[in-house]
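Read the structure below first, then the notes.
2 protein chains.
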Amino acid sequence: MGDFKTVGQQFVNFYYSTFDSGRANLAGLYRDTSMLSFEASEIMGTQAIIEKLSSLPFQKVQHRVDTMDTQPSNSQGGLMVLVTGALLVDDSTNPLHFCQVFQLLPHDGSYYVQNDVFRLNYG
Amino acid sequence: MGDFKTVGQQFVNFYYSTFDSGRANLAGLYRDTSMLSFEASEIMGTQAIIEKLSSLPFQKVQHRVDTMDTQPSNSQGGLMVLVTGALLVDDSTNPLHFCQVFQLLPHDGSYYVQNDVFRLNYG
Numbered sequence: 001m002g003d004f005k006t007v008g009q010q011f012v013n014f015y016y017s018t019f020d021s022g023r024a025n026l027a028g029l030y031r032d033t034s035m036l037s038f039e040a041s042e043i044m045g046t047q048a049i050i051e052k053l054s055s056l057p058f059q060k061v062q063h064r065v066d067t068m069d070t071q072p073s074n075s076q077g078g079l080m081v082l083v084t085g086a087l088l089v090d091d092s093t094n095p096l097h098f099c100q101v102f103q104l105l106p107h108d109g110s111y112y113v114q115n116d117v118f119r120l121n122y123g
Numbered sequence: 124m125g126d127f128k129t130v131g132q133q134f135v136n137f138y139y140s141t142f143d144s145g146r147a148n149l150a151g152l153y154r155d156t157s158m159l160s161f162e163a164s165e166i167m168g169t170q171a172i173i174e175k176l177s178s179l180p181f182q183k184v185q186h187r188v189d190t191m192d193t194q195p196s197n198s199q200g201g202l203m204v205l206v207t208g209a210l211l212v213d214d215s216t217n218p219l220h221f222c223q224v225f226q227l228l229p230h231d232g233s234y235y236v237q238n239d240v241f242r243l244n245y246g
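Residue numbers (this note's numbering), protein chains in the order written: chain A, 1 to 123; chain B, 124 to 246.
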């Protein structure tokens, strides 16, 4: 049980630190089969996903992870990771609560994001 | 794209209406391999999952679904469903925001819940 949780934790740390420092650099995590649902927009493939993330209307963003849970998603080493947290954009001091789920699939000793769903959780 | 979304919608409607009317009746949706992560508790198998859900310290509960997103999770017809919403317990008027993700796997013309992660999303 310990090992997949470590993978999930490492992924989450890497994902949000990369997102917050330069989200175009997330390209290496996606594939042409990857799916992103972002606030009701549905996008497939690395290029379209990175274009979507890059087009989000803020310059600065900071994610805070409050909870994360990882479960095996299949018998080939896939992982499902659910994250809840908050984000601050630009100079706002009003944190926006979000949840995001990923399915990570293993390939060549690493993992890529096959499924990605992001939703703000309004109060 | 339409069909798997219909399955996701039907599942979500059934899941929360059953939860709110008698949560022990969710047993038919789980298997002995099913995993539930509920607010940091990790549970496996139908019986343990139903015991956990039945032991939650409220008598009445009402879920409100605000958003749901469904994506295919594998090439065998699996689905990943992310739900955000709020729930009211007993006579509280303070909605608790939650997010929950399911992975549904097909079997014999129906679906069961292989993965289930529930988290409250605190303000």
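No residue lacks a Cβ here, since even glycine has one placed at the ideal position from N, Cα and C.
Quantities reported herein were computed from a predicted structural model and do not represent experimental measurements.
Per-residue contacts from residue i into chain B (C-beta, under 9 Å)
{"i": "A/Ser73", "result": "Ser196, Asn197, Gly201, Met203, Gln226, Gln237 and Asn238"}
Burial state of residue i, where buried means 16 or more other Cβ atoms lie within 10 Å
{"i": "B/Phe137", "result": "exposed"}
{"i": "A/Ala24", "result": "exposed"}
{"i": "B/His220", "result": "buried"}
{"i": "B/Gln226", "result": "buried"}
{"i": "A/Tyr122", "result": "exposed"}
{"i": "B/Thr216", "result": "exposed"}
{"i": "A/Ala86", "result": "buried"}
{"i": "B/Leu179", "result": "exposed"}
{"i": "B/Arg242", "result": "buried"}
{"i": "A/Gly22", "result": "exposed"}
Chain A contact for residue i (CB, 8 Å cutoff)
{"i": "B/Ser160", "result": "yes"}
{"i": "B/Asp143", "result": "no"}
Per-residue contacts from residue i into chain B (C-beta, under 7 Å)
{"i": "A/Thr46", "result": "Ordered by position in chain B, no residue passes the 7 Å Cβ test against A/Thr46, which lies about 16 Å from the chain."}
{"i": "A/Thr84", "result": "Cys222, Arg242 and Asn244"}
Nearest-angstrom Cβ-Cβ length linking residue i and residue j, presumed shorter than 8 Å
{"i": "B/Met191", "j": "B/Val212", "result": "In fact, because the Cβ distance is near 21 Å, the residues do not count as touching under 8 Å."}
{"i": "B/Val195", "j": "B/Phe127", "result": "Residue 195 of chain B is actually Pro in this sequence, not Val. At roughly 6 Å, the Cβ-Cβ gap stays under 8 Å, so B/Pro195 and B/Phe127 are in contact."}
{"i": "B/Val184", "j": "B/Asp239", "result": "Rounded, the Cβ-Cβ distance is 16 Å, inconsistent with contact."}
{"i": "B/Phe161", "j": "B/Tyr234", "result": "About 20 Å separates the two Cβ atoms, so there is no contact after all."}
{"i": "A/Ala27", "j": "A/Thr46", "result": "6 Å"}
{"i": "A/Gln114", "j": "A/Ser34", "result": "6 Å"}
{"i": "A/Thr70", "j": "A/Gly109", "result": "At roughly 18 Å, the Cβ-Cβ gap does not stay under 8 Å, so A/Thr70 and A/Gly109 are not in contact."}
Any C-beta of chain B under 8 Å from that of residue i
{"i": "A/Thr93", "result": "no"}
{"i": "A/Thr6", "result": "no"}
{"i": "A/Asn13", "result": "no"}
Listed by chain order, chain A residues near residue i by CB distance under 7 Å
{"i": "B/Thr190", "result": "Arg119"}
Identity of the residues DSSP links to residue i by a beta bridge
{"i": "A/Val113", "result": "A/Tyr30 and A/Leu104"}
{"i": "B/Arg187", "result": "B/Ala209"}
{"i": "A/Ile43", "result": "A/Leu36"}
{"i": "B/Thr193", "result": "B/Val204"}
{"i": "A/Arg119", "result": "A/Cys99"}
Below-8 Å beta-carbon distance, residue i vs any chain E residue
{"i": "A/Cys99", "result": "Chain labels in this structure do not include chain E; the protein chains are A and B."}
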